[in-house]
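Q: One structure, pasted below without further comment.
There are 2 protein chains.
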Amino acid sequence: MSDLLERLRGRGWRMTAQRRVVAEVLDGEHVHLTADEVHARAVDKLPEISRATVYNTLGELVSLGEVLEVSTDRRAKRYDPNAHRPHQHLVCARCGAIRDVHPTGNPLSALPDSERFGFTISDVEVTYRGVCPNCAAA
Amino acid sequence: MSDLLERLRGRGWRMTAQRRVVAEVLDGEHVHLTADEVHARAVDKLPEISRATVYNTLGELVSLGEVLEVSTDRRAKRYDPNAHRPHQHLVCARCGAIRDVHPTGNPLSALPDSERFGFTISDVEVTYRGVCPNCAAA
DNA sequence: TCCTACGATAGACAATGTCTAAGTCAAGTA
DNA sequence: TACTTGACTTAGACATTGTCTATCGTAGGA
Ligand SMILES: [Mn+2]
Ligand SMILES: [Mn+2]
Ligand SMILES: [Zn+2]
Ligand SMILES: [Zn+2]
Chain A
461 MSDLLERLRG
471 RGWRMTAQRR
481 VVAEVLDGEH
491 VHLTADEVHA
501 RAVDKLPEIS
511 RATVYNTLGE
521 LVSLGEVLEV
531 STDRRAKRYD
541 PNAHRPHQHL
551 VCARCGAIRD
561 VHPTGNPLSA
571 LPDSERFGFT
581 ISDVEVTYRG
591 VCPNCAAA
Chain B
461 MSDLLERLRG
471 RGWRMTAQRR
481 VVAEVLDGEH
491 VHLTADEVHA
501 RAVDKLPEIS
511 RATVYNTLGE
521 LVSLGEVLEV
531 STDRRAKRYD
541 PNAHRPHQHL
551 VCARCGAIRD
561 VHPTGNPLSA
571 LPDSERFGFT
581 ISDVEVTYRG
591 VCPNCAAA
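Listed below in structure tokens is the structure:
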């Protein structure tokens, strides 16, 4: 993620303090923050950053393929900087914890032609739901 | 779906015109309506029915396991009366059309123990995305 | 027929996200 | 370095979807 800023500059991005801070917040493993969580952490580093800018920047990062949108529930979208290694998500139904997981095989191959109804399929999203060890213990 | 009302009466439901109308609207194949779409169709049959009642009734039907909630996009939830035959969804990225599909095998078996991180997994949701034949032709 | 608890209603409220108009500034140019 | 300009940021209005509350109505039993 640290070379992200370089890549963005190469794509003609004007480099601002706001964009730098949003990129910093999204750095790390298993990060799946909502826009408002990103905003809250960004404010710690740059108090005057606005909500609109966080939304705008996240949207641009998604368009550029640097960040993925994840919708594991009907609440806020989450933003996933792990855009380069394909994966699926495992979600705790009690506490909402999210883990990246890597199923075997290609989930697309489970859908036979007779079940494709002439669609040209380009993507599959899989969400596993259950109870995490923490919540099971409590 | 026509014996739904009988089942509900058996569960102690007070039978009202509003509940009957909501159940009627949800009858059919490949029905994936939003709450407001259900409301609009219900109003055709019972003009004074309120939005709150439609939301309440849909929520109850979901609790009873008679209807499933489907979230194929970040817009409104959709309500699926096909709750008795397990299936997944195939969604057109252009027009939003939704088809029920039946993948082969159990999607859970694609997730090895080493990728379960101690979770007790109870459910998997799979959404296939692509372009439907109509949109591809246009 | 009467009672009453359960259901229906209107509208306020909440959460999330989008849009607009006006002000600010990054970065290219001289 | 100073100037210029269009891209960027901002505050807040607005939109959509859904929930909650207080009040009214009625299904169904006594
Ligand atoms: Mn992830
Ligand atoms: Mn369905
Ligand atoms: Zn948990
Ligand atoms: Zn289509």
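The listed protein sequences derive, respectively, from chains A and B. Heads up: the first sequence is residues 461 to 598, going by the numbering used here. Heads up: the second sequence is residues 461 to 598, going by the numbering used here. Idealized CB from N, CA, C, for every residue including glycine. Computed from a predicted structure; not experimentally measured.
What does glutamate 497 of chain B touch in chain A if you count any residue whose Cβ is under 9 Å from its own?
A: Counted from its first residue, the second sequence places residue 497 of chain B at position 37. Result: empty, since nearest Cβ-Cβ is about 17 Å, beyond 9 Å.
Q: So with Cβ pairs under 8 Å, would you call proline 541 of chain A a contact of chain B?
A: Position 81 of the first sequence holds residue 541 of chain A. So no, proline 541 of chain A is outside the interface.
Q: Quick one: give me the first and last residue of the alpha helix (DSSP H) that glutamate 497 of chain A is part of.
A: As a working note, residue 497 of chain A is residue 37 in the first sequence. 495-505 is the extent of the alpha helix (DSSP H) around glutamate 497 of chain A.
Q: Which word fits arginine 467 of chain B, buried or exposed, when buried means at least 16 other C-beta atoms lie within 10 angstroms of its C-beta?
A: Position 7 of the second sequence, counting from 1, holds the residue named residue 467 of chain B. Exposed is the call here.
Q: Taking C-beta pairs closer than 8 Å, name the residues in chain A that isoleucine 581 of chain B reaches, listed in chain order.
A: Here residue 581 of chain B refers to the residue found at position 121 when the second sequence is read from its first residue. The contacting residues are Leu550, Tyr588, Arg589, Gly590.
Q: Closer than 7 Å: is that where the CB of histidine 562 of chain B sits relative to any heavy atom of ligand 1?
A: Reading the second sequence from its first residue, position 102 is the one you call residue 562 of chain B. Result no, Cβ not under 7 Å from ligand 1.
Q: Anything in chain A within Cβ reach of glycine 601 of chain B, meaning under 9 Å, just list it in chain order.
A: This structure cannot settle anything about residue 601 of chain B, because the visible part of chain B is limited to 461 through 598.
Q: Under 8 Å: do the stretch 530-543 of chain A and the stretch 564-579 of chain B share three or more Cβ pairs, one atom per stretch?
A: Not touching, per the Cβ criterion.
Q: So what does DSSP say about cysteine 552 of chain B, is it helix, strand or coil?
A: The residue given as residue 552 of chain B occupies position 92 in the second sequence. Strand, per DSSP.
Q: Check threonine 564 of chain A in the structure and name its three-state DSSP category.
A: Along the first sequence, one-based indexing puts residue 564 of chain A at 104. Looking at threonine 564 of chain A - three-state DSSP - the assignment turns out to be coil, as it is neither helix nor strand.
Q: Considering only heavy atoms of ligand 1, does any lie closer than 7 Å to the CB of valine 586 of chain B?
A: Taking the first residue of the second sequence as 1, we reach residue 586 of chain B at position 126. Not so, every heavy atom of ligand 1 lies at least 7 Å from the Cβ.
Q: Look up aspartate 487 of chain A in the DSSP assignment and give the residues it is bridged to.
A: Position 27 of the first sequence, counted from the start, is the residue given in the question as residue 487 of chain A. According to DSSP, aspartate 487 of chain A bridges with nothing at all.
Q: Looking at arginine 501 of chain A and valine 527 of chain A, is the spacing between their C-beta atoms short of 8 Å?
A: Here residue 527 of chain A refers to the residue found at position 67 of the first sequence. Here residue 501 of chain A refers to the residue found at position 41 of the first sequence. No, these two residues do not count as a Cβ contact at 8 Å.
Q: Expressed to the nearest angstrom, what Euclidean distance is found between the alpha-carbon atoms of histidine 547 of chain B and glutamine 478 of chain B?
A: The residue labelled residue 547 of chain B in the question sits at position 87 within the second sequence. The residue labelled residue 478 of chain B in the question sits at position 18 within the second sequence. Each residue's Cα considered, the two are about 29 Å apart.
Q: Tell me the rounded alpha-carbon separation between valine 514 of chain A and isoleucine 581 of chain B.
A: The count along the first sequence starts at 1 and reaches residue 514 of chain A at position 54. The count along the second sequence starts at 1 and reaches residue 581 of chain B at position 121. Each residue's alpha carbon lies about 34 Å from the other.
Q: DSSP on aspartate 463 of chain A, reduced to helix/strand/coil?
A: The residue you call residue 463 of chain A lines up with position 3 of the first sequence. Coil at aspartate 463 of chain A, not helix or strand.
Q: Could you pull out every residue in the same chain whose Cβ sits closer than 6 Å to the Cβ of lysine 505 of chain A, ignoring the five residues on either side in sequence?
A: Your numbering for residue 505 of chain A matches position 45 in the first sequence. Only Val481 meet the Cβ criterion.
Q: Which whole-angstrom value is the C-beta distance of threonine 532 of chain B and isoleucine 509 of chain B, which I expect to be below 8 Å?
A: As a working note, residue 532 of chain B is residue 72 in the second sequence. As a working note, residue 509 of chain B is residue 49 in the second sequence. Their Cβ separation, rounded to whole angstroms, is 26 Å, which puts threonine 532 of chain B and isoleucine 509 of chain B out of contact at 8 Å.
Q: When you compare each of B:Cys555, B:Val561, B:Leu464 to valine 586 of chain B by their alpha carbons, which one comes out closest?
A: Locating residue 586 of chain B in the second sequence gives position 126, where the first residue counts as 1. Comparing Cα-Cα distances from valine 586 of chain B to each of B:Cys555, B:Val561, B:Leu464, the minimum goes to B:Val561.
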